[in-house]
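Trainee: Chains as they are written, first to last, in my numbering: chain A, 3 to 252; chain B, 3 to 252.
Here a beta-carbon is modelled for each residue, glycine too, at the ideal position from N, C-alpha and C.
Let me begin by handing over the structure; questions about it come next.
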């Protein structure tokens, strides 16, 4: 059996706060202390806040290009400017969406720039600069404080090209191999699976969202307990990215 | 807390078998009887087998077109023929993949035709003809046998356009609203969420895969317990499909 445990009672994280410590303390306080082989899924906006990746839109001077796009699509010019600054390239604009490839290589709406769960009316959160590094830091901090070996996943909410609704995926990982390569395993009838690589870090992010995604309750993180994951000391979320030129469906 | 409980000890399902009853019995036998508001996620291949959606490739006569494609992409002509019969249109061919839109409207590799976990060397499983109906039947059967009101999700493994690895998504639903519409909800700081619809049925399918996806153990279904889902008597997985002409990324 696998348990998905919401970590409640985490104080509002501000710039410079220690996310790892906040999670360890909150988990202890609610009677579910961190255990070895736990997977800790943290929603990125908490990490972004701790890392000071907050921008006040009133302090952003939009470029002429950002103003043009904002007018065309009915958006805030300063927000568009921030999105463009985070983008490596623009994948598509239309229907009120600006889909870009971020500097990390993620393809997502608005470059992951997020208005939700950010204090201050004109503040937005950018994605962490290096979400794998953010995950590694939290993992190290948990080890220092508890002696436990855990996996850490930084999650974000992504739309999909051809399915409605959003799901959570992994944008940063530490201590866990994000893809489970199952080629060579046998099925129930002894048939060897041929092309099966499961994006377990994404599935774990989606599972965690089931307890995190309660906007009014403030659950910034979850523990997933009981899943036997493949440990990795050099894990990176980059392995989950398929280059655009290799896109399956385009 | 949410629990993901693997349902083990389900006998190998054959054509005509009662999937609902098999799940109820196996859940009881392992000491985790079905409860009200459980979500039962069933991997589609079990349903396909029960519904006789198995094709012996030796009995398929490939068309000239299927033979041409098979040669071009190094595939089995009979398999290609089956894929084409299940397809409404072809989205893309290349790199050993045939991505189609199925008659249901799903966009997936090989029209969801599956070699894994199907007995018989030359047998493949097609997707259920109407996975929502399959889910409704299992839900009704569980209610008849146990008196419990549950949600049922039929899951399948899908690739993604721009991310590596596969995840599980919902291809059939009963008793649960597959999209959670969160527009109008408030975030932690009182900001009203604007465009947030979470594909909870897909997230639940991915969560279930964490216990189902052990090819060698034969876990065809899982119970997800403790997730407060929105009940729906006229749920359909069609709500999860975005028409190709509205694709976000293409």
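Spell out a yes or no on whether the region 165 to 172 of chain B and the region 195 to 209 of chain A are touching, meaning 3 or more CB-CB pairs, one atom from each, closer than 8 Å.
Mentor: yes
Trainee: Which bits of chain A does residue 204 of chain B rub up against, with CB to CB less than 8 Å?
Mentor: Numbered from 1 along the second chain, position 202 holds the residue referred to as residue 204 of chain B. 165, 167, 169, 208, listed in chain order.
Trainee: With a cut-off of 8 Å, does the C-beta of residue 229 of chain A fall near any C-beta of chain B?
Mentor: Residue 229 of chain A sits at position 227 when you count from the first residue of the first chain. So, interface residue.
Trainee: Using a beta-carbon distance below 8 Å, is residue 189 of chain B in contact with chain A?
Mentor: For this step, residue 189 of chain B is matched to residue 187 along the second chain. Yes - at least one Cβ of chain A is within 8 Å of the one on residue 189 of chain B.
Trainee: In three-state terms, what does DSSP make of residue 104 of chain A?
Mentor: Sequence index remark: in the first chain, residue 104 of chain A carries index 102 (1-based). Assignment of residue 104 of chain A by DSSP, reduced to helix, strand and coil, places it in the strand class.
Trainee: Considering only residues of the same chain and omitting the five flanking positions on each side of residue 83 of chain B, which have a CB-CB separation below 7 Å?
Mentor: Your numbering for residue 83 of chain B matches position 81 in the second chain. If we look at residue 83 of chain B and ignore the five residues flanking it on each side, its Cβ neighbours are 62, 64, 65, 68.
Trainee: Tell me which same chain residues have a C-beta within less than 7 Å of the C-beta of residue 60 of chain A, skipping the five on either side of it?
Mentor: For the purposes of this step, residue 60 of chain A is taken as the residue at position 58 of the first chain. Excluding sequence neighbours, residue 60 of chain A sits near 124.
Trainee: Under 7 Å between beta-carbons, which chain A residues line up against residue 215 of chain B? List them in chain order, please.
Mentor: By one-based count along the second chain, residue 215 of chain B stands at place 213. Those within 7 Å of residue 215 of chain B in chain A are 200.
Trainee: If you measure from the beta carbon of residue 253 of chain B to each beta carbon in chain A, is any gap under 8 Å?
Mentor: Outside the modelled stretch of chain B, which goes from 3 to 252, sits residue 253 of chain B, for which no answer is possible.
Trainee: Spatial neighbours of residue 51 of chain A within its chain, please: CB distance less than 6 Å, with the 5 preceding and 5 following residues excluded, ordered by chain position.
Mentor: As a position in the first chain, residue 51 of chain A is number 49, starting the count at 1. The beta carbon of residue 51 of chain A is closer than 6 Å to those of 15 in its chain, skipping five residues each way along the sequence.
Trainee: What residue ranges within the region 111 to 185 of chain B form continuous alpha helix (DSSP H) runs of no fewer than 4 residues, ordered along the chain?
Mentor: 133 to 148
Trainee: Given this structure, state the Cα-to-Cα distance separating residue 155 of chain A from residue 80 of chain B, to the nearest angstrom.
Mentor: Indexing the first chain from 1 puts residue 155 of chain A at position 153. Indexing the second chain from 1 puts residue 80 of chain B at position 78. When rounded, the distance between both Cα atoms is 42 Å.
Trainee: Here's the rule: buried if 16 or more other CB atoms are within 10 angstroms of the residue's CB, otherwise exposed. What is residue 97 of chain B?
Mentor: Translated into the one-based positions of the second chain, residue 97 of chain B becomes position 95. Per the 10 Å Cβ criterion, exposed.
Trainee: To the nearest angstrom, how far is it from the Cα of residue 121 of chain B to the Cα of residue 174 of chain B?
Mentor: Taking the first residue of the second chain as 1, we reach residue 121 of chain B at position 119. Taking the first residue of the second chain as 1, we reach residue 174 of chain B at position 172. C-alpha separation (whole angstroms): 23 Å.
Trainee: Quick one: grab the DSSP three-state call for residue 45 of chain B.
Mentor: To locate residue 45 of chain B, count along the second chain from 1; it is residue 43. In this structure, residue 45 of chain B counts as strand in the three-state DSSP scheme.
Trainee: State the start and end residues of the unbroken beta strand (DSSP E) segment that holds residue 91 of chain B.
Mentor: As a position in the second chain, residue 91 of chain B is number 89, starting the count at 1. That run of the beta strand (DSSP E) goes 89 to 96.
Trainee: Quick check on the DSSP output: the beta strand (DSSP E) that includes residue 57 of chain A runs from which residue to which?
Mentor: Taking the first residue of the first chain as 1, we reach residue 57 of chain A at position 55. That run of the beta strand (DSSP E) goes 56 to 58.
Trainee: Taking residue 136 of chain B as the reference, give the member of B:8, B:10, B:246, B:237 with the closest Cα.
Mentor: Taking the first residue of the second chain as position 1, residue 136 of chain B is located at position 134. Taking only the C-alpha atoms, the option nearest residue 136 of chain B is B:237.
Trainee: Quick check: the Cα distance between residue 152 of chain B and residue 160 of chain B, rounded to an integer number of angstroms?
Mentor: One-based indexing of the second chain puts residue 152 of chain B at position 150. One-based indexing of the second chain puts residue 160 of chain B at position 158. If you take the alpha carbons of residue 152 of chain B and residue 160 of chain B, they lie about 25 Å apart.
Trainee: Using the Cα positions of residue 71 of chain B and residue 93 of chain B, report the straight-line distance between them to the nearest angstrom.
Mentor: As a position in the second chain, residue 71 of chain B is number 69, starting the count at 1. As a position in the second chain, residue 93 of chain B is number 91, starting the count at 1. Cα to Cα, the separation comes out at about 14 Å.
Trainee: Check the C-beta distance from residue 178 of chain A over to residue 4 of chain A and give it rounded, since I have them as a contact under 8 Å.
Mentor: For the purposes of this step, residue 178 of chain A is taken as the residue at position 176 of the first chain. For the purposes of this step, residue 4 of chain A is taken as the residue at position 2 of the first chain. Residue 178 of chain A to residue 4 of chain A, Cβ: 14 Å. No contact.
Trainee: Candidates A:144, A:188, A:199, A:158: which alpha carbon is nearest residue 25 of chain A's?
Mentor: Start at 1 with the first residue of the first chain, and residue 25 of chain A comes out as number 23. The shortest C-alpha separation from residue 25 of chain A is found at A:144.
Trainee: Grouping DSSP H, G and I as helix and E and B as strand, with all else coil, what is residue 66 of chain B?
Mentor: Here residue 66 of chain B corresponds to residue number 64 of the second chain, with the count starting at 1. The answer is helix: DSSP assigns residue 66 of chain B an H, G or I state.
Trainee: Check whether chain A comes within 8 Å of residue 303 of chain B, counting only Cβ atoms and requiring the distance to be less than that.
Mentor: Outside the shown range of chain B, which is 3 to 252, sits residue 303 of chain B, and nothing can be said about it.
Trainee: For residue 42 of chain A and chain B, any beta-carbon pair shorter than 8 Å?
Mentor: Position 40 of the first chain, counted from the start, is the residue given in the question as residue 42 of chain A. Judged by the 8 Å Cβ criterion, residue 42 of chain A is not in contact with chain B.
Trainee: Label residue 17 of chain B either buried or exposed according to how many other C-beta atoms from any shown protein chain fall within 10 Å of its C-beta, with 16 as the threshold for buried.
Mentor: As a first step, residue 17 of chain B must be located in the second chain, where it is residue number 15. It is exposed - the Cβ of residue 17 of chain B has fewer than 16 other Cβ atoms within 10 Å.
Trainee: Can you tell me the Cβ-Cβ gap for residue 49 of chain A and residue 130 of chain A, rounded? I've got them flagged as a contact below 8 Å.
Mentor: Here residue 49 of chain A corresponds to residue number 47 of the first chain, with the count starting at 1. Here residue 130 of chain A corresponds to residue number 128 of the first chain, with the count starting at 1. Their Cβ separation, rounded to whole angstroms, is 5 Å, which keeps residue 49 of chain A and residue 130 of chain A in contact under 8 Å.
Trainee: Contact check, residue 176 of chain A vs residue 141 of chain A under 8 Å by CB: the rounded distance?
Mentor: Here residue 176 of chain A corresponds to residue number 174 of the first chain, with the count starting at 1. Here residue 141 of chain A corresponds to residue number 139 of the first chain, with the count starting at 1. About 4 Å separates the Cβ atoms of residue 176 of chain A and residue 141 of chain A, confirming a contact at the 8 Å cut-off.
Trainee: Just the C-alpha distance for residue 239 of chain B and residue 47 of chain A, rounded to the nearest angstrom, thanks.
Mentor: Against the second chain, residue 239 of chain B aligns to sequence position 237. Against the first chain, residue 47 of chain A aligns to sequence position 45. Across the structure, residue 239 of chain B and residue 47 of chain A are spaced so that their CA atoms are roughly 30 Å apart.
Trainee: Since residue 200 of chain A sits in a beta bridge, which residues does DSSP pair it with?
Mentor: The residue labelled residue 200 of chain A in the question sits at position 198 within the first chain. In DSSP, residue 200 of chain A forms a bridge with A:182, B:168.
Trainee: Distance, Cα to Cα, residue 78 of chain B vs residue 85 of chain B?
Mentor: Looking up residue 78 of chain B in the second chain gives position 76. Looking up residue 85 of chain B in the second chain gives position 83. So the alpha carbons of these two residues sit roughly 11 Å apart.
Trainee: Can you grab the Cα-Cα spacing for the pair residue 27 of chain B / residue 40 of chain B, in whole Å?
Mentor: Against the second chain, residue 27 of chain B aligns to sequence position 25. Against the second chain, residue 40 of chain B aligns to sequence position 38. If I take the Cα positions, the gap works out to 15 Å.
Trainee: Would you kindly work out how many angstroms separate the C-alpha atoms of residue 36 of chain A and residue 247 of chain B, rounded to a whole number?
Mentor: To locate residue 36 of chain A, count along the first chain from 1; it is residue 34. To locate residue 247 of chain B, count along the second chain from 1; it is residue 245. The alpha-carbon atoms of residue 36 of chain A and residue 247 of chain B are separated by roughly 46 Å.
Trainee: Are there 16 or more other CB atoms within 10 angstroms of the CB of residue 157 of chain A, so buried, or fewer, so exposed?
Mentor: Against the first chain, residue 157 of chain A aligns to sequence position 155. A residue is called buried once 16 or more other Cβ atoms fall within 10 Å of its Cβ, and residue 157 of chain A is buried on that count.
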